[in-house]
Amino acid sequence: MIKIKPHHFMDIIKLYGKGIEMFIPDDKYNHNFYYVANEIIKNHHIHIKITLEQDDICLPCKYLGKEGRCIDTIDHINDVSFKNEWNQIIDNRIIENSNVLANSIHSAHEYCKILYSVKENIFDVWKEETNSDKYDRYNYFCLGAEKYLGIL
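Counting in the numbering used here, the sequence shown runs from 25 upward without gaps.
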């Protein structure tokens with residue numbers, strides 16, 4: 025079972041929609057995004073546990089602080105300086121908009137199907153981002169979800 029934050033799952037599907045079929049390690053963060061993404065892409069029936077805390081991607085990340093929070097900083101969202109704060113905001117919005125509770129368990133396919141059914145909420149979840157970024161996120165998420173779910 026993979027423990028994953030909602031926005032990490034959506035990022036995986038978005039990047040899959042951009043054409044990434046095989047994820048590679050990231051030297052900048054040293055996290056497990058590549059490993060988790062590859063597992064989710066190759067095994068649609070893998071069980072995932074939705075979390076608002078650190079997940080399997082975060083565990084080895086060099087920006088994971090002692091208290092299990094991301095200590096990386098951001099500067100693209102007004103009044104938000106830390107990535108952990110931004111991640112909590114968007115993860116809570118995803119949970120609220122999808123009606124999927126934290127700590128619930130789903131197959132990756134099932135969770136993708138749920139998120140795809142409420143895909144228009146991407147514009148509300150990431151409302152602080154530029155319109156261009158929101159449209160790109162929406163379009164690539166839709167492409168990735170359609171490919172993942174076999175809709176294409």
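We treat Cβ as the ideally placed atom computed from N, Cα and C, and that holds for glycine.
Status (buried if at least 16 other CB within 10 Å, exposed otherwise) for residue i
i, result
"N56", "buried"
"G174", "exposed"
"N155", "exposed"
"N108", "buried"
"L125", "exposed"
Option nearest residue i by Cα separation, candidates the options
i, options, result
"R161", "H31, D99, K27", "H31"
"N116", "V104, H100, V149", "V149"
"T97", "W110, N163, I146", "W110"
"I74", "N163, N145, I129, S156", "I129"
"I101", "K151, Y164, I64", "K151"
"D51", "K158, P84, C94", "P84"
"N145", "I114, A126, G168", "I114"
"Y172", "F33, D103, E153", "F33"
"E153", "V104, L139, K143, N121", "V104"
"K158", "M25, K29, D35", "D35"
"K177", "K137, I138, H133, K143", "There is simply no residue 177 to check, as the chain begins at 25 and stops at 176 in what is shown."
Beta-ladder partner(s) of residue i, from DSSP
i, result
"K73", "K27, I129"
"F106", "T97"
"L88", "C94"
Integer-rounded CB distance, given that residue j should sit under 8 Å from residue i
i, j, result
"Y58", "K86", "Actually they do not touch by this definition, with Cβ atoms about 15 Å apart."
"I70", "S131", "7 Å"
"F165", "I37", "6 Å"
"V60", "I81", "5 Å"
Contained alpha helix (DSSP H) runs [length at least 4] in the segment 29-65, N- to C-terminal order: 30-41, all fully within the segment 29-65.
query: For the segment 143-175, which segments carrying the alpha helix (DSSP H) assignment without a break, of at least 4 residues, lie completely within its bounds, in sequence order?
result: Counting whole runs of 4 or more residues, the segment 143-175 contains the alpha helix (DSSP H) stretches 146-149, 155-173.
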